[in-house]
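Working notes, beginning with the structure itself.
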């Protein structure tokens, strides 16, 4: 291989290394921030898919194909089967090319719920992948009461983190039936 070809290969390798590390650094910069757009009781879209979510209370979640509609803006949630609640959020100042996918972590904490299998559930964390468009990524985080054992009143907290930094946090108070 000629010296010219070696230099060309070295230059391309150096550029690729810069792009890989540069994109990662830009996605994790200190000025990345999160904003809660809406929160409350939702009406989920008609289209969703069941997604296996090990470590969560039921082991499955609804993978939404579009953002839900918020029917009531509130952080006070009735403990009633069929009720769905949560928040939509936006992550800003992502200096990466459109189409880049970022990995955030969703944290959920709730009062102790006694599951039918005898175990107790108090929360979970799971990875969420979001595409970046125009320097931002949009997402939704929430919960739906599908089983009697989930109807636990008390403080529920949801958080979105990127590289250990909390970008969004929303607290809800789940109210006992009749409250």
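In my numbering, the protein residues as written are 384 to 562. Beta carbons are placed, not taken as given, at the ideal position from N, Cα and C, and that holds for glycine.
Would you kindly work out how many angstroms separate the C-alpha atoms of residue i and residue j, rounded to a whole number?
i, j, result
"residue 537", "residue 525", "16 Å"
"residue 413", "residue 560", "43 Å"
"residue 514", "residue 485", "6 Å"
"residue 488", "residue 499", "27 Å"
"residue 492", "residue 508", "9 Å"
"residue 554", "residue 523", "14 Å"
"residue 501", "residue 540", "23 Å"
"residue 503", "residue 455", "30 Å"
"residue 449", "residue 531", "27 Å"
"residue 535", "residue 512", "29 Å"
"residue 467", "residue 550", "22 Å"
"residue 477", "residue 421", "21 Å"
"residue 427", "residue 452", "6 Å"
"residue 557", "residue 506", "15 Å"
"residue 419", "residue 497", "30 Å"
"residue 457", "residue 533", "19 Å"
"residue 425", "residue 482", "28 Å"
"residue 520", "residue 547", "17 Å"
"residue 415", "residue 527", "29 Å"
"residue 567", "residue 465", "Residue 567 lies beyond the residue range present for the chain, which begins at 384 and ends at 562; the question has no answer from this structure."
Any beta carbon of chain B sitting closer than 9 Å to that of residue i?
i, result
"residue 535", "Among the chains of the structure shown, chain B does not appear; only one protein chain is present."
Considering residue i, what are the terminal residues of the beta strand (DSSP E) in which it resides?
i, result
"residue 552", "548–558"
"residue 513", "503–514"
"residue 484", "484–497"
"residue 475", "467–475"
"residue 561", "First-last for residue 561: undefined, no H or E at that position."
"residue 420", "416–426"
Check residue i in the structure and name its three-state DSSP category.
i, result
"residue 531", "helix"
"residue 455", "strand"
"residue 521", "strand"
"residue 545", "strand"
"residue 404", "Any reading at residue 404 needs caution, since the residue's pLDDT is 43, under 50, leaving its predicted position unreliable; the model's value is listed next. Correct three-state label for residue 404: helix."
"residue 461", "strand"
Where does residue i land, buried or exposed, given buried means 16+ other C-beta within 10 angstroms?
i, result
"residue 517", "exposed"
"residue 396", "Low confidence applies to residue 396: its pLDDT is 48, below 50, so where it sits in the model is not reliable, and the reading given next is rough at best. Result: exposed."
"residue 495", "exposed"
"residue 417", "buried"
"residue 510", "exposed"
"residue 480", "exposed"
"residue 423", "buried"
Within 8 Å, do at least three Cβ pairs link the segment 472–489 to the segment 452–462?
Because the criterion of three Cβ pairs below 8 Å is not met, the segment 452–462 and the segment 472–489 do not touch.
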